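Asks:
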């Protein structure tokens with residue numbers, strides 16, 4: 001499940017960068033994207 005893992009990892013970096021510059025709205029949007037991606041069934045990613 002490499003694609004989902006990559007999105008989650010890059011999302012963590014994006015969240016940290018957004019928080020570093022004080023952009024909480026962007027950080028929350030990325031968290032929402034991570035949540036949505038993590039709910040995708042494995043068979044849809046392969």
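In our numbering, the protein residues as written are 1 to 46.
Each residue gets a CB set at the ideal place from its N, CA and C atoms; glycine is no exception.
The structure displayed is predicted, hence computed values, not measured ones.
#1: With a threshold of 16 other CB atoms inside 10 Å of the CB of residue 5, please say whether the residue is buried or exposed.
#2: Can you tell me which of the three DSSP states residue 8 falls into?
#3: Counting only the same chain and skipping the five closest in sequence on each side, list residues whose C-beta sits under 6 Å from that of residue 8.
#4: Residue 40 to residue 21, Cα distance in whole Å?
#5: I need the straight-line Cα distance from residue 45 to residue 36, nearest angstrom please.
Replies: Result, derived from the coordinates:
#1: That one is exposed.
#2: helix
#3: 34
#4: 30 Å
#5: 13 Å
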